[in-house]
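Working notes, structure below.
Below you can see the structure in the form of C-alpha cells.
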C-alpha cells in the first residue's frame, strides 16, 4: 500500500506502508530518549539520506520514531501528548528505530510493516458512540494501548540463547547497525502471578557462573575481545559494539559451540561475524586479527592510545602527522598537560599493581581524610572491590552518613596529600563551580600518587566525594564493571 495511514483500523486492514518521501503528509518526529549519542547521529543522518521530513516538535508529526523499550503510554508521557486530542483525527503512528536500522542495512527504505509499529492509541469507529452525547470524562474509555512489550533477553534453561531472529541480513561488514535484532515483537508468555522472569543480563549472572561459561569458549572470547579492543582503539564504535555483543552472547552459552549452524542462530551474531567465529573454532586462528595486530598502523595507534589523556582521535592525528614512537611525541608533538603526565609515567601506568599495594594507597588516603573529618565512609571500588588479583588504578569513594560533613573536604584533602609527598601530579579536578564544592555536589579528583619507599611506582588515583544519598548507586557504578553497569 502506497498511501499513508488514514484509518483507525490499522491493525486489521493495513499490511504495510511504502513511503513516498515527498508526500507532505509523511512527517516524522524522532524521540531521542533512551538512545545513545552515536546511534542518534546515525538515525538523524538516515532522515537526510532517505529524504524524510523531520520535524522539530511532535505535534504535527504523522510518524514518531522511538526506541523499542518504550510503550505507547510512555511515549505520550515523554512528549506530553494528550490522547483525547486524537478522538477526531488519526493519532501519530509510533515506529521502532529498527525500521531505520533495517533500512540502512538494505540501503533503501523498507516497507513499514506491522512488525515495526508500536500500535497507536486507537479509537474503533465501530465501537465509538456519538461523543456529543457522552460526558467528556468517558471519552478516555475508548482509548486502548498495546500491552507493554517484553525484551527477548531470556535464554532457554541449560543452553545458549538460540532464538532465531525474524529477519537476517548478510553483509560484508560486521553488522554495523545490527543492534536491535534480539527484540521480540510479541508477548508470547504473559507473566504469571505478577512476577517478572529472571532476565538473562550480565548483572543477574553470578561471577562463578560467568567465569565457568567463559572458560567453555575461552579461545573464541579471547580473540573476539582482542578484535573488539582494536576496533575501539580506532574509534570504530559500531564494530567494537558488534564484537562485544557477540562476546556477551557466547558467554551465556553453557556448552561448547561446535557448529556454524548453531552460531548463526544466536542473537546478535550475523552471517559475517559467524564466519569469523567459525574460523576460530575450526582453525584455532583468526586471520583478520593477526593482520590487524601485525600492521604498523595498529601498533602505533595502540602505542599512542596507552598515553593517559589520548583517545582514538588524538592517536590517529599523531599518526597522520608522521609520529611513530613515544620519542616522536616527546620531541615533536604538542601535548596537553595531562598527556605530558601520561607520557612521563607511560610504563608505570601500564603496569598493574597487586591488591596489597591498593590497600596501602587506601590506607594513606584514609589517614589524611579521617584526620580532617571523622567517621567518613571510605571505600575502594573498581577492580579491587570486584576481587581482581591486580588493578590498573585505584578508585576511592568517600561520603558521610550525616549528608553534610563531606562538603568542602576535597581541596583540604588534596592539599594534605600533596604536602606529605603522596600526590605527585594532578590530572583532573572537577566540582560544581570553579573548584568550590557546593552543598550536595558530587566532586572528583584524578591524580598520580607515589607510596614512600624504594622501587615504588607512580599509580593513578581517583578520589570521588559524594552525598550520602547517592552512595548506594555510586558504589555500584564505580565498582563496575562497565558491562555490569550497562546491563
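Residue numbers (full-length UniProt numbering): 1 to 487.
Just so it is clear, CB atoms sit at the ideal spot from N, CA and C, and this is done for glycine as well.
Predicted model, so just to flag it, every value in this text is computed and none were measured.
Judged by pairs of C-beta atoms under 8 angstroms, the region 332–352 does not touch the region 361–375, as fewer than three such pairs exist. Residue 294 counts as exposed, since fewer than 16 other beta carbons sit within 10 angstroms of its beta carbon. Under the Cβ criterion (8 angstroms, minimum of three pairs), the region 47–66 counts as touching the region 94–106. DSSP lists 54 and 63 as the beta-bridge partner residues of residue 28. Nearest in C-alpha terms to residue 341, of all of 458, 88, 40 and 244, is 458. Counting C-beta atoms within 10 angstroms of its own C-beta, residue 240 has 16 or more neighbours from the protein chains shown and is therefore classed as buried. Excluding sequence positions up to five before and after residue 419, its CB lies less than 6 angstroms from no other CB in the same chain. Within the region 401–435, the runs of alpha helix (DSSP H) at least 4 residues long that lie entirely inside it are, in chain order, 410–419.
In this structure, the alpha-carbon of residue 111 lies about 25 angstroms from that of residue 73. By the Cβ neighbour-count rule, residue 223 is buried, with 16 or more other Cβ atoms within 10 Å of its own. For residue 84, there is no enclosing beta strand (DSSP E), as DSSP marks it with neither H nor E. With respect to the 7 angstroms criterion, residue 380 and residue 398 are not classified as neighbours on the basis of their beta carbons. Pairing residue 233 with residue 354 gives a Cβ-Cβ distance that is not under 7 angstroms.
Between the region 290–305 and the region 317–327 there are three or more inter-stretch CB-CB distances shorter than 8 angstroms, so the stretches are counted as touching. Beyond the five residues adjoining it in sequence on each side, residue 414 comes within less than 7 angstroms, by CB distance, of 423 and 445 in the same chain, given in chain order. Per DSSP, residue 115 lies in no beta strand (DSSP E) and is assigned neither H nor E. The beta carbon of residue 100 is closer than 7 angstroms to those of 43, 46 and 65 in its chain, skipping five residues each way along the sequence. Ranked by how close their Cα comes to the Cα of residue 362, the residues 333, 106, 460 and 270 have 460 in first place.
The alpha-carbon separation between residue 455 and residue 390 amounts to approximately 18 angstroms. Going by C-alpha positions, residue 89 is about 21 angstroms away from residue 56.
Around the beta-carbon of residue 333, 16 or more other beta-carbon atoms lie within 10 Å, marking it buried.
Here the alpha carbons of residue 219 and residue 244 stand approximately 15 angstroms from one another. Residue 38 places its beta carbon less than 7 angstroms from that of residue 237.
Within the DSSP bridge table, the entry for residue 310 names no partner. By DSSP's assignment, residue 391 forms a beta bridge with 353. DSSP links residue 447 through a beta bridge to 426 and 461.
Residue 269: not part of any alpha helix (DSSP H); DSSP gives it neither H nor E. The Cβ-Cβ distance between residue 378 and residue 366 falls below 7 angstroms.
Under the three-state reduction of DSSP, residue 321 is assigned to coil, being neither helix nor strand. Residue 397 has 379 and 464 as its beta-bridge partners, per DSSP. In this structure residue 105 is buried. Its beta-carbon is surrounded by 16 or more other beta-carbon atoms within 10 angstroms. A buried status is given to residue 400, since no fewer than 16 other beta-carbon atoms sit within 10 Å of its beta-carbon. Beta-bridge partners assigned by DSSP to residue 280: none are found. The shortest CA-to-CA distance from residue 411 to any of 49, 447 and 247 is the one to 447. Collapsing the DSSP output to three states places residue 35 in coil. Residue pairing by DSSP places residue 93 opposite 63 in a beta bridge.
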